[in-house]
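S.K.: After the structure tokens below, expect a handful of questions from me.
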Amino acid sequence: VKDWQALTQWALARRAFRRTPPRQQVLDVFTRHHLPMTAAEVHRRLKNRRINLASVYRALSFFSRLGVLTSVDHVREGRRYELSDAHRSHHHHLICQGCGTIQDFEGCFLGEFERRARKEKRFRILRHELRFFGLCQACAA
Ligand SMILES: [Zn+2]
Ligand SMILES: [Zn+2]
Ligand SMILES: [Zn+2]
Numbered sequence: 002v003k004d005w006q007a008l009t010q011w012a013l014a015r016r017a018f019r020r021t022p023p024r025q026q027v028l029d030v031f032t033r034h035h036l037p038m039t040a041a042e043v044h045r046r047l048k049n050r051r052i053n054l055a056s057v058y059r060a061l062s063f064f065s066r067l068g069v070l071t072s073v074d075h076v077r078e079g080r081r082y083e084l085s086d087a088h089r090s091h092h093h094h095l096i097c098q099g100c101g102t103i104q105d106f107e108g109c110f111l112g113e114f115e116r117r118a119r120k121e122k123r124f125r126i127l128r129h130e131l132r133f134f135g136l137c138q139a140c141a142a
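Oh and the sequence shown: position 39 is 40 in the working numbering, straight run, nothing missing.
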């Protein structure tokens with residue numbers, strides 16, 4: 002996972018954009034923590050506590066427009082974001098309907114489906130997102 006993290010940082014370092022402190026700090030949070038986070042959760046994890054929440058929101062929408070971040074889902078506290086597939090491994094999401102936690106689940110089984118869409122519908126799938134809703138271990142107990 003360490004190598005992959007270095008690779009992510011390298012890929013992001015090569016992208017040309019102005020590195021203001023809030024942008025840099027927000028990116029750091031996403032490369033250090035691989036989980037979907039709301040603006041408030043990102044803000045709590047910032048190393049520099051002087052960056053305000055509004056700056057975090059601006060950085061999140063900036064990186065979303067750039068395709069670096071992707072919005073995963075929407076909870077009461079706002080949207081949750083994470084690095085896009087271009088900057089981390091492809092995976093799906095398990096969302097608990099009891100406590101609202103979201104977990105990454107590595108692995109994909111949709112190759113055959115994508116081949117069929119191409120063959121039967123002449124549709125070339127470029128990306129997909131999948132969310133599964135259910136109960137986590139703690140909530141199911
Ligand atoms: Zn739960
Ligand atoms: Zn994820
Ligand atoms: Zn997939």
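The beta carbon of each residue, even a glycine, is placed where N, CA and C say it ideally should be.
1. Is C109 near ligand 3 - that is, is its Cβ less than 6 Å away from at least one heavy atom of it?
2. By the 10 Å Cβ neighbour count, where 16 or more other Cβ atoms means buried, how is I126 classified, buried or exposed?
3. Taking 6 Å as the cut-off, is the CB of G99 close to at least one heavy atom of ligand 1?
4. Of all the options A142, A141, S85 and V76, which has the alpha carbon lying nearest to the alpha carbon of T32?
5. To the nearest angstrom, how far is the alpha carbon of R24 from that of R116?
6. My understanding is that R66 touches V73, with C-beta atoms under 8 Å, so please give their C-beta distance in whole angstroms.
7. Compare the Cα-Cα distances from L13 to each of L70, G79 and H34 and report the closest residue.
8. Shorter than 6 Å, the distance from the beta carbon of D29 to the closest heavy atom of ligand 2, or not?
M.R.: In this structure, then:
1. In the sequence shown, residue 109 corresponds to position 108, counting from 1. Taking non-hydrogen atoms of ligand 3 into account, the C-beta of C109 is found less than 6 Å away from one of them.
2. As a first step, residue 126 must be located in the sequence shown, where it is residue number 125. Result: exposed.
3. Within the sequence shown, numbered from 1, the residue matching residue 99 stands at position 98. Yes - ligand 1 has a heavy atom lying nearer than 6 Å to the Cβ of G99.
4. What you label residue 32 is simply residue 31 of the sequence shown in a count that begins at 1. Looking at the Cα atoms, S85 is the closest of the given residues.
5. What you label residue 24 is simply residue 23 of the sequence shown in a count that begins at 1. What you label residue 116 is simply residue 115 of the sequence shown in a count that begins at 1. Distance from the CA of R24 to the CA of R116, rounded to the nearest whole angstrom, comes to 38 Å.
6. Position 65 of the sequence shown, counting from 1, holds the residue named residue 66. Position 72 of the sequence shown, counting from 1, holds the residue named residue 73. Contact flag wrong, Cβ pair sits at about 16 Å.
7. As a first step, residue 13 must be located in the sequence shown, where it is residue number 12. Selected option, being the one with the closest Cα: L70.
8. Translated into the one-based positions of the sequence shown, residue 29 becomes position 28. A distance criterion of 6 Å places the beta-carbon of D29 beyond contact range of ligand 2, judged by its closest non-hydrogen atom.
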